[in-house]
Structures are given as structure tokens and as C-alpha cells.
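In our numbering, the protein residues as written are 546 to 1216.
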């Protein structure tokens, strides 16, 4: 089962809706077609935004009733971005299944064969189809409660009026057949589902968030800190493995001391941020959703004339303005009296966003993020810098807009710039390097069915090329179903069954009363206990990948990966590596090999500071086996390592990772 959880903003009860007599319908200019065939606009409307039930608000949805089996059509021209079968166990969350079938009825049948109906927390008739349609103007229409055998695929075009399914049931508190419809705006926020149909709208735009407080009393700080720690313990499935008890005690003692007389908001934010770093716990999917008051949300930024970098055990001048350009590359002995070891230690303590004992992400961040040493860039300062040749510089920071040009300048000719531009220009692309080698750049795993068909078509064209290099650098991840499909194009036999599974903590999740997107955990229906193990588990029932019989590349594979290969972009080369199908070239991947937490998140808002922390809820375990090739706590390690250098990131026109792969091809090096 591929279980995904989404955010739904309100609760709604149809028991409160008996007629449309209290709702004024106005005929306005309508740009969208009413989705129920044979119904005039507004007919069948039984629910709309701003209705309440027991104090709970339906924020952004309309509900339309019609006889079961009535045809439902696409309201506007657009593209299918997602379709699945799922259920709304509450109006707070939706859970979905997506198998290989291309229509809702076939997925229903497959779920029945697999026995999934017995795990449903809602009556079976409320298992319905969902489709998301991205309109040509950038909005997304989501329609729930569908059935039907109309073939669908993500990426396919739909015209206004095209049939997409039939009326079934969407929400179990409504006893008559109906569909549920919501709209997301271009910015990803809830949008008005009524005015596009020509209805007078009851939708209310979300208000501006309350401003952060300037000061927290001791009691307020202690309350927020206690909620934060409780949320980590309950929600994060890696808590006990990542946080040593002595580290937790030291962190709590430091926080208690800081709270004694109350604390300013920036200082409290710093403690919350520190909880996501090496000082307490870290994970590539734990992050603060509130801007930093010292880095992001500052009206005026100040920058140094000399920017330091850290590479290994060396602190050096990474960039400099024209005045100090002659010192580029020189080793820094001290900064404000701090020796290089202390500079590295303090900076390393500020690193966040990496899994387990991953080294490559930390190495890169220490090279590129100088502000780790300072914690803020909102004030001017003067830093005394002592260089290896004895030069002493009093570096007076300046306003960012007055800083001028920094050297060396990254030009469009550098390999780094070209890689970033290629990743930004599209999801994938193929380049013929020579007669024997083709380069397949894969910049994302957010791939539609149409994307996958295009990839398969290109692979068929290059089937006879003996060598293929697959580049998954600067790939932030995407859908694991897309990973499996792309992997099926390259595997030469069924994949190794690693016993992959998903796991959530066994707890009451009391801290979710502070969550912006979860209020209960019934979304994890289908998870069960395992004897002798803590937590709840769900087997990954599509863990074994069968090679695609129609499109399968059988040549030699070389995968380029590094610390910018995250989530699904770690999973993909891991599958090929575990099945001894590809040579991995580059550096350790950004996410862990053994597990990834990039699935479901709780967004916890601390009530006094109003800081929002994203905490992963699900650990997806790819492989429990620990070997020298796949050591515990690490990302996927390369077969051929290409060490990180300053030149690779900032100045070189050559791509050393790609060049290494080409050398291996020339030497015919394979596993």
C-alpha cells in the first residue's frame, strides 16, 4: 500500500444542511463548468465554505449531491496532476492508494483482492476516487468521491466537459451520494471554490498570521519548549536513535538557564533552531517553517567583505570583494580570536538538514554557508581576521546592497552553473556524448505518467548504446512510485526483496493538538504491531520491482550522485546499487540509505512564540541489512568517490564527477 496523507482544512457535517433556502445563489460570469452532468450551476449544492458543525469550520470545500453513477466532468481545461483511490476518515486528513491500474474501478478491484477493505476506518462505500486537475491558469481543482473505468494518467490533457468519473461518496458523515470539490491557488494555498462557477462566494481568504512576540516570559518559553520536546518524542520515529539521553539533558539544562529571566524572540528562535541541528537532533526533513529573525526576516542584511569557507580541517578565504581579492584562497588562522578548530566546531554545531551520520551534506554546507558561525546577519559588525601569512584584517561588514562584486564570480561557463541550469530547465533530458555513451539527466522524480512514457520512448531510442550515465545530482526527490517505475526500465531481474516497510511511533500523539494539519492519527489505518518491536508497521507491498518487459535498457549503467541527491533521488540509485545494476560515482547521497522520513509531516505551532516546526511522522525503511558497503547511519556511498573541492563548486569548467564516470567507461570498469 502506498499511503499518503494530505492536509484538509476543516470539519463538515451534512446533518446540518437540509436545503439551499438560506444560501443566496447569484448568476455571475462563470468560467468553469458545473461538474455534474445534466445539472445547472448550483443544483445539488449541499455544503459550502464557512459552515460550522460543533464549532468546526468547513473552510474551503463545496459538496454536491447527485444520484450515484451520475457522470462527473472536468470543470476547466487542464492537466491531470494526480489521481488515486482513498478515503476521508475526517475532514482533517485524506489517505490514498495508487496502484498500477489506470482507472478508479480497477484500483477498487485490486484493493479488494489485496484485502485492504478490512483495514478501512470508514464504511467501504466511502472509498472513492480522487483526481487533481491543474488548470491552465495555475490553479488546481481537486474532486473527491468518484468511481468509473475512464482511463487516466498523470500529465494527460483534459478539456472542459471531458468525463472524469461518476458520483460515488466522498465523506462518511454525508449519507447521500455526493462529490467534494476544493481549489488550490497558484501559491499552493486554499482558494475560492465558488466564484469560478458563477456562485456568490462564502469563501474567506486566510488572514495574515499574527506577528511574532518581541519577548517571552519564563513561563511562556518553558511551555513552548516543553511542547516542542514532547512533539519530537511523540512524532519523530528516529528520536531514540538520534538523541542520546546525556545530550538531551545538556540541551534542556541550557534552555532552562536561558529562560530564567524571560527571553527575546530571536534568542528563543535560536534555541528552537538549535534543536534541529547537531546539538540535539537532525534529519533532512525536520525544518522550521517560520523565517529566521536573524537571517531570513530582516529588513536590512549586512555582509562581510571576506567570506570564509570550511573544507575538511581548513578555514580559508572563500570569496572576497575587490579590496581584499588578493587574499583569495589563503588559510585563515583566527577570526575574532577563535582558532580554526573552534570556528569549525561552532559552525558544525549549526548544521541542520541531514540524516544520521551523513558526512557529505555537512561538508558541503560548511563550505557554502559562512553565517553558521554568526547565527545572524541583521546587524553590522567588525571581525578581526588573521591570515596564514600574518596579515591582520579588520573586516567591517556593510549593507548587502553596498557590498559590490565578490570574487571569484561564478560564470555560465562553470560546470556547477551548467548543472544547476540543466536541473532548473526541466525534469529530465538525454544527451549523446559519443557513439558509445548517452547522458540521462534526471532532475526530479515528480514525474507524471506522460513524463514516464516520454522517458521510456527515449530509452527505446538509446537501447543499443552500450553505456548510459544517469545524473541524479541536484534532484530533490519526488514520488517513490515514479522511482520504482524508472528503476523497472533498468533492472535485469526482479529486485532484491529487502523487506521494506513503513513505521510510526506507538503513542497517543497528544502534541498534535498544536498541529496545523493533523488532529488525529487514524490516517495510519492499515498499520499494525510487530511482535517484540515498538511502533506500528505497514509492509511495503510493492517493494519488489519487476523489470519492464516493453522497455528495458540492458547496457552498462553509471549513476552520478552526491549530497544534492535527496529523498527519492537517494532511493533510486540505492535500488540499482543493491541489485548490483549500476556503478555509483560521486559522493554520499543527501538522504540516508537505510531509511527516509520524507513522507508525512506534522506542522507544530508553538502557541506563545508561534514558531512552526515540521516533524516527520513516518520512517520508510528500504533495507535493514548493515554491511561494509552499506554502513549504518550513512547515505548511499559511491563505488568511486570524487572528493568535494572548492574548484568544483565555484570555479571549474570541468565536472569532475562526470569526468570520473567517463574515465571508468574508457577503462571498462564495472561492478
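Glycine included, each C-beta is placed from N, C-alpha and C at the ideal position.
Remember, predicted model here, so these are calculated numbers, not experimental data.
Item, Value
"Which listed residue (615, 872 and 818) has its alpha carbon closest to that of residue 721", "615"
"Element boundaries [alpha helix (DSSP H), containing residue 966]", "960-970"
"DSSP three-state assignment for residue 847, whether helix, strand or coil", "strand"
"Residue 712 beta carbon less than 8 Å from that of residue 695", "no"
"Integer-rounded CB distance, given that residue 1034 should sit under 8 Å from residue 1098", "6 Å"
"3 or more residues per run - each beta strand (DSSP E) lying fully within the stretch 1099-1156", "1101-1106, 1128-1131 and 1146-1150"
"For residue 691 and residue 673, the rounded distance between their alpha carbons", "5 Å"
"Sufficient close CB pairs (3 or more, under 8 Å) joining the stretch 1012-1029 to the stretch 977-989", "yes"
"At least 3 beta-carbon pairs within less than 8 Å: the stretch 655-666 vs the stretch 607-627", "no"
"Local Cβ density within 10 Å of residue 952, reported as buried at 16 or more and exposed below that", "exposed"
"Straight-line Cα distance separating residue 757 from residue 567", "Because the pLDDT at residue 567 is just 42, under 50, the model does not fix this residue reliably, and the value given afterwards should be weighed accordingly. For residue 567 and residue 757, the distance between alpha carbons rounds to 39 Å."
"Run of the alpha helix (DSSP H) containing residue 869, from where it starts to where it stops", "Segment: none, residue 869 is in no alpha helix (DSSP H) and carries neither H nor E."
"Start-to-end residues for the alpha helix (DSSP H) that takes in residue 768", "763-780"
"Alpha-carbon to alpha-carbon, residue 621 and residue 607", "16 Å"
"Simplified DSSP state of residue 783, which is helix, strand or coil", "coil"
"Residue environment, residue 941, which counts as buried when at least 16 other CB atoms sit within 10 Å", "exposed"
"Spatial distance of residue 1202 from residue 960 (CA atoms)", "10 Å"
"Spatial distance of residue 1062 from residue 1160 (CA atoms)", "12 Å"
"Cβ-based burial, residue 664 [other Cβ within 10 Å; buried from 16]", "exposed"
"Within the stretch 1019-1097, ranges of the alpha helix (DSSP H) (whole runs, at least 4 residues)", "1025-1033"
"Residue 514 to residue 777 span [Cα, whole Å]", "The structure shown does not extend to residue 514, since the chain spans only 546 to 1216, so no value can be given for it."
"Cα-Cα separation, residue 1165 to residue 1137", "11 Å"
"Residue 902 vs residue 1179 beta-carbon contact at 8 Å", "yes"
"Three-way DSSP call (helix, strand, coil) for residue 1198 in this model", "coil"
"Proximity below 8 Å, CB of residue 1050 to CB of residue 666", "no"
"Residue 1140 vs residue 1167 beta-carbon contact at 8 Å", "yes"
"Residue 619 classed as buried or exposed, judged by whether at least 16 other C-beta atoms fall within 10 angstroms", "buried"
"For residue 729: DSSP bridge partner residues", "685 and 735"
"Uninterrupted alpha helix (DSSP H) stretches inside the stretch 621-680 (no shorter than 4 residues)", "649-658"
"Counted within 10 angstroms of its Cβ, other Cβ atoms place residue 779 as buried (16 or more) or exposed", "buried"
"Own chain, CB closer than 8 Å to residue 1028, minus 5 neighbours either side, in chain order", "990, 1113, 1116, 1117 and 1120"
"Cβ shell of residue 571 (< 6 Å), same chain only, five flanking positions each side left out", "Summary for residue 571: the model assigns pLDDT 49, below 50, so the residue's position carries little reliability, and this model does not support an answer."
"DSSP-derived helix/strand/coil call for residue 572", "Only weak support is given to the placement of residue 572: the predicted model assigns it a pLDDT of 45, under 50, and the value that follows is read from those uncertain coordinates. Coil at residue 572, not helix or strand."
"The stretch 876-896 contacting the stretch 808-817, beta-carbon criterion three pairs below 8 Å", "no"
"Close-in-space but distant-in-sequence residues of the same chain around residue 703 (CB under 8 Å, 5 per side omitted)", "619, 622, 623, 624, 625, 678 and 709"
"One or two residues paired with residue 724 in a DSSP bridge", "609"
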